[in-house]
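Novice:
Residue numbers (this note's numbering): 146 to 403.
1. By how many angstroms is the C-alpha of residue 259 removed from the C-alpha of residue 359?
2. Please name the residue in 266, 197, 252, 332 whose C-alpha comes closest to that of residue 366.
3. Using the rule of at least 16 other Cβ atoms within 10 Å of the residue's Cβ for burial, across every protein chain shown, is residue 274 buried or exposed?
4. Quick one: residues in its chain with C-beta nearer than 7 Å to the C-beta of residue 268, no 5 flanking neighbours on either side, listed in chain order?
5. Is DSSP giving residue 259 helix, strand or coil here?
6. For the putative contact between residue 265 and residue 399, defined by C-beta atoms under 8 Å, what is the C-beta separation to the nearest angstrom?
7. Look at residue 199 and residue 280 and say whether their C-beta atoms are less than 8 Å apart.
8. In three-state terms, what does DSSP make of residue 139?
9. If residue 371 sits next to residue 289, beta carbons under 8 Å apart, how far is it from one beta carbon to the other, in whole angstroms?
10. For residue 376, which of 196, 194, 284, 278 has the nearest alpha-carbon?
11. State yes or no: is the C-beta of residue 287 within less than 8 Å of the C-beta of residue 350?
12. Please say whether residue 378 and residue 276 have beta carbons closer to each other than 8 Å?
13. Could you check the C-alpha separation between residue 257 and residue 373 for me, to the nearest Å?
Here is the structure:
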């Protein structure tokens, strides 16, 4: 039997590629290309996921109440710094999104309430009594809003007015002059000059979906949480909320629910 001897490769030279070696290298190169494509896809997916989560968190943080800087007084929360230079970026983003102009530090103080004095969320089907007195101020306003912004409250009021106008159009023409044409939007608040008071100068406002005697504030329509807003204008407590007392803000009491 003849045996063919194969001489080893000379020093400094690579061994010649065997027929089975080339397909093996090609398969490895394909795997590397596949791994590279997967890495790029993973990076793109991570960037897209981060962008979506970032936009969602920014939308959540700027669509509701102010996240930081509140001073709690019973059901009310005072926000003394939202109109100052010390306002945090979230507050500024909320104002930029809603178009709301905050009260400056020397102009007044904003107080908001999402619950009653017992800590229960304001229910649109219940009746509440907002009573007592306010901290010293030259003037004040008490309003009820939906989703925390007056712009959406105005939109809801306009929608209710449009519904009432549509109902009026279906009635007899003789009834229209008596109603004066379009129905005015529902009341969304009271001011310190128009609210009815007792002999001691204290007031009581009824927040209810049903008409109430005296100072009646209708529940706003639409979706979302209900927020009471008390704005104090030209008040000495704006510069120092430490002088505010729990007894100095109006009480919010749930009277009944259906």
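Quick reminder that beta carbons are idealized off the backbone N, C-alpha and C, glycines included.
Nothing here was measured: the structure is a model prediction, and the numbers come from that model.
Specialist: To lay it out plainly:
1. Counting from one through the chain shown, the residue named residue 359 turns up at place 214. Counting from one through the chain shown, the residue named residue 259 turns up at place 114. Computed Cα separation, rounded: 23 Å.
2. The residue you call residue 366 lines up with position 221 of the chain shown. For residue 366, the nearest C-alpha among the options comes from 332.
3. Here residue 274 refers to the residue found at position 129 of the chain shown. Per the 10 Å Cβ criterion, buried.
4. Start at 1 with the first residue of the chain shown, and residue 268 comes out as number 123. The answer, listed in chain order, is 402.
5. In the chain shown, residue 259 corresponds to position 114, counting from 1. In the three-state reduction of the DSSP assignment, residue 259 falls in the coil class.
6. Looking up residue 265 in the chain shown gives position 120. Looking up residue 399 in the chain shown gives position 254. Residue 265 to residue 399, Cβ: 7 Å. Contact.
7. Within the chain shown, numbered from 1, the residue matching residue 199 stands at position 54. Within the chain shown, numbered from 1, the residue matching residue 280 stands at position 135. No, the Cβ-Cβ distance between residue 199 and residue 280 is not below 8 Å.
8. Outside the displayed span of the chain (146 to 403) sits residue 139, for which this structure offers no information.
9. Numbered from 1 along the chain shown, position 226 holds the residue referred to as residue 371. Numbered from 1 along the chain shown, position 144 holds the residue referred to as residue 289. About 6 Å; that satisfies the 8 Å criterion.
10. As a working mapping, residue 376 is identified with position 231 in the chain shown. 284 is the residue among 196, 194, 284, 278 whose C-alpha sits nearest the C-alpha of residue 376.
11. Residue 287 sits at position 142 when you count from the first residue of the chain shown. Residue 350 sits at position 205 when you count from the first residue of the chain shown. Yes, the pair counts as a contact, with Cβ atoms nearer than the cut-off.
12. On the chain shown, position 131 is the one that residue 276 refers to. On the chain shown, position 233 is the one that residue 378 refers to. Not in contact: residue 276 and residue 378 (Cβ atoms no closer than 8 Å).
13. Against the chain shown, residue 257 aligns to sequence position 112. Against the chain shown, residue 373 aligns to sequence position 228. Taking the Cα positions, residue 257 is about 6 Å away from residue 373.
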